[in-house]
RNA sequence: GGCGGCAUAGCCAAGUGGUAAGGCAGCGGUCUGCAAAACCGCCAUUCUCCGGUUCAAAUCCGGAUGCCGCCUCCA
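Here it is, written out as structure tokens:
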């Protein structure tokens, strides 16, 4: 399969270094707030990557860390009046709640920075010993960026051009503004660990270097994260690790694109910050997941509630067809007829195209297009009276159901029972539209009476009233059924 | 200022040399007493613009315009 490697700026054939065993490390969250839509995208993108690598038959060991000590956590602790540890616990728990709902698989290892302090101290000592880092009188340790010739390779920048932009905090005594902290001396009241340089805490970039090496070994097959982490986080991780080992740190760097809200960067200052919880209060989790995979993972993605509604309708269409296919599969009698050969051939072609899309840099957007191809094919078969009751139709229906199952597993969607999903959709929409179910039922009962009395004018008036409320009524042999639009 | 990305129908969105997937909306139809629910069908001679390469370009090259991201904590 092809994967876009940020290190070289192009798609490259991917295969694990060790036979059949892919090792991935993805930067997780800093646990200082509820997860937003951008965290959801990153989580879903790498969840799909892991699922697909496994679907393809490779063994995958997947590590996703938690940063549980950091400036933002300390600031949040002060704001909430609780300890930094409690802040991290709280938001890690919230992370699991949100991600479980989105169907994100747990990683094989989910290490926390504070569990790996000794390793970080060892790496820092080693870098000092090799001349790549230095301690200051204040008890800070900095990485000597100019001692590592490859610096800037990942993010595509060169040291000379960066000088003006680098910043030096007051009180820092760096040799060079570009240098970054490996170890920070503690300020009063902050969490700290004892170290050869006095009490302090690790710099942010260090944890990923240490934990990835300890849990997976270097070089990693894939190191992932959001595009914004490319610089400085990943550049610095790479510099630390490579300066220490002298070897490649990660073979493939994979970065997901940003989520924007109303075509602007999401930020607290713009007031367009959308958390996963905000969205899941209005939509089923799978709709968000579907929305996130409906565009290629490297492109910017613009979030809006109207896009969510479109995704909801699209997903509804798929579940609707799955429901029809399952019902169809329950038939007891089948004629001997076969389908015209081009019909199963069309399905075979869609199956190939689905795989081709996924093999091409995990193109879920393209793959979904072929899923809809199968939806249409299924519906065409179901609509055709002679196809529908033929053994050829039975086989085609079973094969499409199996495809949906497999495709869904690889992408982390279509896993629910269709009846349940459709019912849940109705409940979600009722609550989103603040519908008064009692009132709806009253109107339905009145319409039922009117229809029985053949007072179609009154029945239609009631339908119009319901419709104005966003309720669609459908008359079936079993009576009235209603859906929320 | 430096680096990078993107511009495809009303909207969203695949497609990296061989003649434009898919979703939403819209339109036509099936079903229905009716039906905005379901299903089927139709819907870009054309891919921001201008040049160039080629038998052939949305896809490659050069230029223009517009939008965005990173360069500072950030998925």
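In the numbering used here, the protein residues as written are 51 to 535.
Every residue gets a Cβ at the ideal spot worked out from N, C-alpha and C, and that includes glycine.
Extent of the continuous alpha helix (DSSP H) run through residue i
i, result
"residue 367", "355-379"
"residue 333", "Per DSSP, residue 333 belongs to no alpha helix (DSSP H) and is neither H nor E."
"residue 416", "414-433"
"residue 400", "392-409"
Cα-Cα separation, residue i to residue j
i, j, result
"residue 63", "residue 198", "28 Å"
"residue 331", "residue 363", "17 Å"
"residue 339", "residue 238", "43 Å"
"residue 91", "residue 509", "46 Å"
"residue 342", "residue 354", "12 Å"
"residue 108", "residue 513", "55 Å"
"residue 470", "residue 497", "27 Å"
"residue 359", "residue 468", "18 Å"
"residue 254", "residue 520", "50 Å"
"residue 215", "residue 208", "Because the pLDDT at residue 215 is just 48, under 50, the model does not fix this residue reliably, and the point stays unresolved."
"residue 56", "residue 315", "22 Å"
"residue 273", "residue 76", "6 Å"
"residue 147", "residue 84", "10 Å"
"residue 431", "residue 458", "21 Å"
"residue 326", "residue 262", "27 Å"
"residue 129", "residue 123", "10 Å"
"residue 67", "residue 271", "7 Å"
"residue 502", "residue 529", "11 Å"
"residue 429", "residue 478", "26 Å"
"residue 449", "residue 455", "10 Å"
"residue 494", "residue 505", "14 Å"
"residue 52", "residue 412", "8 Å"
Proximity to residue i [Cα-Cα], best of the options
i, options, result
"residue 228", "178, 438, 234 and 211", "211"
"residue 472", "123, 241, 368 and 261", "368"
"residue 135", "444, 81 and 314", "81"
"residue 86", "302, 324, 296 and 53", "324"
"residue 444", "240, 163, 412 and 376", "376"
"residue 393", "437, 141, 268 and 322", "437"
"residue 345", "127, 283, 310 and 319", "310"
"residue 491", "54, 532, 441 and 511", "532"
"residue 318", "60, 418 and 88", "88"
"residue 486", "162, 516 and 119", "516"
8 Å contact criterion, which residue i and residue j should meet: CB distance rounded
i, j, result
"residue 183", "residue 232", "6 Å"
"residue 334", "residue 475", "6 Å"
"residue 230", "residue 193", "5 Å"
"residue 201", "residue 287", "12 Å between Cβ atoms; not a contact."
"residue 223", "residue 186", "5 Å"
"residue 113", "residue 266", "6 Å"
Segment limits, beta strand (DSSP E) that includes residue i
i, result
"residue 273", "270-276"
"residue 62", "60-63"
"residue 497", "From DSSP, residue 497 is part of no beta strand (DSSP E) but of the alpha helix (DSSP H) over 487-502."
"residue 53", "52-55"
"residue 304", "300-306"
"residue 250", "250-252"
"residue 193", "191-193"
Is the segment 406-419 close to the segment 370-389, with three or more CB pairs under 8 Å?
-> no
Would you check if the segment 167-182 and the segment 150-159 touch, i.e. whether three or more CB-CB distances between them fall below 8 Å?
-> no
Would the segment 99-107 and the segment 59-79 be scored as touching if the rule is three or more Cβ pairs under 8 Å?
-> yes
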